[in-house]
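What follows is a single structure, written as structure tokens, with notes after it.
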Amino acid sequence: EAGVVQSPRYKIIEKKQPVAFWCNPISGHNTLYWYLQNLGQGPELLIRYENEEAVDDSQLPKDRFSAERLKGVDSTLKIQPAELGDSAVYLCASSGDDRAGYNEQFFGPGTRLTVL
Amino acid sequence: QKEVEQNSGPLSVPEGAIASLNCTYSDRGSQSFFWYRQYSGKSPELIMSIYSNGDKEDGRFTAQLNKASQYVSLLIRDSQPSDSATYLCAVNSVDSSYKLIFGSGTRLLVRP
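First to last, the protein sequences are chains V and H. Here my numbering is used: the first residue of the first sequence is 147, the next is one more, and so on. Here my numbering is used: the first residue of the second sequence is 351, the next is one more, and so on.
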């Protein structure tokens, strides 16, 4: 079974430029998550999707960040304009049908963003 | 107070020893607990999940959960140099079973 796929793996941009990250979850996983991970810290949730619906975006800085998950499969996270403090690893994760309520989340390889 | 606390380490153990990693959490209503392994420059990899008090064993790994004391631990038996990584503890938020709160991780170093 293929894992979560993310692209690009690395991105270097200048501040004020836009950037977008793409994620393809594990096949059949309806729940998709975007996390941000700073060096030396654990991942922090930015947004969670159930199929096409963003059900938890309380941690997403909506003035510059946006996300979409058209057709309930792939997702894109965008930053516009990027700031120096946005330099981090952006992780996508997915989880499957979780009737037992266990919610095991599986992460993609991440995109390492450097803003100069 | 952080919601999920871990000692940052590094925890250094000799090859073949038992490594013991600990995690405490603040939300008494949390129900799901996870351990992720993260190698340097890589993404977190789920290695253990536990939902009931007591021990859960999987190969060389044992997760232990004590909800009354609000701690969860991970034991790694017969530690190998390849186990050297950062271990992240994650606990579900009482607000949502889908929202995981991560600790900052404990760095484990297994000396050959």
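Positions of the beta carbon are idealized from the N, C-alpha and C atoms, including for glycine. Predicted model only: the values in this text are computed from it and were never measured.
When the options are compared against residue i, the one with the closest alpha-carbon
i, options, result
"residue 383 of chain H", "V:155, V:162 and V:250", "V:250"
"residue 459 of chain H", "H:439, H:445 and H:435", "H:435"
"residue 194 of chain V", "V:262, V:232 and V:238", "V:238"
"residue 156 of chain V", "H:407, H:361 and H:391", "H:391"
"residue 200 of chain V", "V:182, V:178, V:211 and V:209", "V:178"
"residue 225 of chain V", "V:215, V:208 and V:240", "V:208"
"residue 204 of chain V", "V:222, V:220 and V:180", "V:180"
"residue 241 of chain V", "V:206, V:186, V:222 and V:196", "V:196"
"residue 389 of chain H", "H:437, H:451, H:452 and H:453", "H:437"
"residue 454 of chain H", "H:402, H:368, H:373 and H:366", "H:373"
"residue 433 of chain H", "H:419, H:446 and H:411", "H:411"
"residue 248 of chain V", "H:380, H:369 and H:368", "H:380"
"residue 202 of chain V", "H:394, H:446, H:427 and H:402", "H:446"
Close beta carbons around residue i, own chain, < 8 Å, minus the five adjacent residues each side
i, result
"residue 159 of chain V", "165, 228, 259, 260, 261 and 262"
"residue 217 of chain V", "198"
"residue 404 of chain H", "414 and 415"
"residue 448 of chain H", "442"
"residue 365 of chain H", "429, 430, 431, 460, 461 and 462"
Beta-carbon proximity list for residue i, same chain, < 7 Å, skipping 5 on both sides
i, result
"residue 408 of chain H", "398"
"residue 233 of chain V", "259, 260 and 261"
Endpoints, beta strand (DSSP E) assigned at residue i
i, result
"residue 223 of chain V", "221 to 225"
"residue 150 of chain V", "First-last for residue 150 of chain V: undefined, no H or E at that position."
"residue 386 of chain H", "383 to 388"
"residue 172 of chain V", "From DSSP, residue 172 of chain V is part of no beta strand (DSSP E); its letter is neither H nor E."
"residue 368 of chain H", "Per DSSP, residue 368 of chain H belongs to no beta strand (DSSP E) and is neither H nor E."
Cβ neighbours of residue i in the same chain (closer than 6 Å, five flanking residues each side left out)
i, result
"residue 360 of chain H", "457 and 459"
"residue 167 of chain V", "223, 236 and 257"
"residue 422 of chain H", "373, 383 and 415"
"residue 400 of chain H", "383, 406, 413 and 415"
"residue 451 of chain H", "353, 354, 441 and 443"
Backbone secondary structure at residue i - three-state DSSP
i, result
"residue 274 of chain V", "Absent from the structure is residue 274 of chain V, since the part of chain V shown begins at 147 and ends at 262."
"residue 376 of chain H", "coil"
"residue 358 of chain H", "coil"
"residue 230 of chain V", "helix"
"residue 240 of chain V", "strand"
message = What are the residues in the segment 237 to 261 of chain V lying within 7 Å of chain H by C-beta distance?
response = Residues 237, 247, 248, 249, 250, 251, 252, 253, 254, 255 and 256.
task = Give, in chain order, every residue of the segment 160 to 192 of chain V whose Cβ lies closer than 7 Å to some Cβ of chain H.
result = Of all residues in the segment 160 to 192 of chain V, only 177, 186, 187, 188, 189 and 191 come within less than 7 Å of chain H when Cβ atoms are compared, listed by chain position.
ask   = Got a sec: which bits of the segment 193 to 215 of chain V sit with their beta carbon under 7 Å from any beta carbon on chain H, in order along the chain?
value = Hits within the stretch, in order: 194 and 202.
Within 8 Å of chain V by C-beta, residues of the segment 392 to 405 of chain H in sequence order = Answer set for the segment 392 to 405 of chain H: 392, 393, 394, 395, 396, 399 and 401.
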